[in-house]
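Going by this note's numbering, 78 is the number at position 66 of the sequence shown; the sequence numbering is gapless. Here the structure is laid out as structure tokens; the discussion comes afterwards.
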Amino acid sequence: MLCACDIGGCDWSASNELLVTCGADGALCLWEVGGRRRLRLVRDQLAAPLLCCCFQPANNNMVIVSHHFLIFMFRIILIIIVHLGGSSILGGRVLSIACESSGRMFWAANDKGVIVSYRMEGAGCVSKLRRLCVGGAVTCLSWSPWLARHPALLASAADNSLYLFRISDREGSLVLKKRFATQHSEHSVKSTFCPIMSFRRGVCVVTGGEDACVYFLDIEGHKGQPVLNKLQGNSLTKR
13 MLCACDIGGC
23 DWSASNELLV
33 TCGADGALCL
43 WEVGGRRRLR
53 LVRDQLAAPL
63 LCCCFQPANN
73 NMVIVSHHFL
83 IFMFRIILII
93 IVHLGGSSIL
103 GGRVLSIACE
113 SSGRMFWAAN
123 DKGVIVSYRM
133 EGAGCVSKLR
143 RLCVGGAVTC
153 LSWSPWLARH
163 PALLASAADN
173 SLYLFRISDR
183 EGSLVLKKRF
193 ATQHSEHSVK
203 STFCPIMSFR
213 RGVCVVTGGE
223 DACVYFLDIE
233 GHKGQPVLNK
243 LQGNSLTKR
């Protein structure tokens, strides 16, 4: 089934059986991948754009969605989507969300460069914890549990930067570990941690760029030359 508007975000369930998407038309959709069909569609009451969404990792009955400056949660029960009432105002346009594996904590970031950590209770209540600012709109967040024995957060920011933060405590406080220069000042560039590769040491991340290239970076390697590989020959901005 085709969507008639821009897709703001999408996320796979832990079992890879469901896909949730949100769009610029204010629609949140739940899809059954195997059956190739849409199970449910819910529209925002104000028809405001939904910019990003993700499943709660430990409970795929719950979805976190950003509605411009607001973050809110849905519970999916027997293919019926119910608004939980748990919400928090972040300000700006919330462009990215990342959860840690237990689902008890997540981070959200906006177009003002503000990254905020949140605690999520079992009933869907959300409480704000820690706040940090970077120099540009944060278009992507990615969480990893295994960086140097500490969990880490990767952030693509539109100040030509890819930030790597160490998560220092149980409230999601972020400590800058490294910053990489990128080609990113305008578009919604994405980045993520690469799977651990047994044949090489170190940890890698991959990021797109507005120079139409894809970069693989060694975050534990030499500071002056972190680029392991560069995929060229693409005609569009890599997001």
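Idealized CB from N, CA, C, for every residue including glycine. Just so we're clear, the structure is a prediction, and the values are computed from it rather than from any experiment.
Inside the region 130-200, DSSP marks whole beta strand (DSSP E) runs of 3 or more residues at positions 138-145, 150-159, 162-169, 173-179 and 186-193, from first to last along the chain.
Counting along the chain, H79 sits inside the beta strand (DSSP E) bounded by residues N71 to H79. Below 8 Å, too few C-beta pairs join the region 228-241 and the region 177-188 to call them touching: fewer than three.
With a cut-off of 8 Å on Cβ pairs, the region 158-171 is not in contact with the region 136-143, counting fewer than three such pairs.
The alpha carbon of S154 has as its nearest neighbour, out of P238, C66 and R105, the alpha carbon of C66. Ranking P207, V150 and D56 by CA distance to the CA of G35 puts D56 first. By the CB criterion at 7 Å, A70 and G115 fall inside the cutoff. A Cβ-Cβ separation of about 14 Å leaves S173 out of contact with K202 under the 8 Å criterion.
Across the set S129, K189, G220 and S25, the C-alpha of G220 shows the shortest separation from the C-alpha of Q195. The Cβ neighbour count for G20, taken over all protein chains shown within 10 Å, is at least 16; the residue is labelled buried. For the set Y175, E112, R48 and A121, the Cα lying nearest the Cα of R131 is the one of E112. Here K242 has C225, V226, Y227 and F228 as same chain residues with Cβ atoms under 8 Å from its own Cβ, once five neighbours each way along the sequence are excluded. Q68: member of the beta strand (DSSP E) spanning L62 to Q68, first to last residue. DSSP places I109 inside the beta strand (DSSP E), whose first and last residues are V106 to C111.
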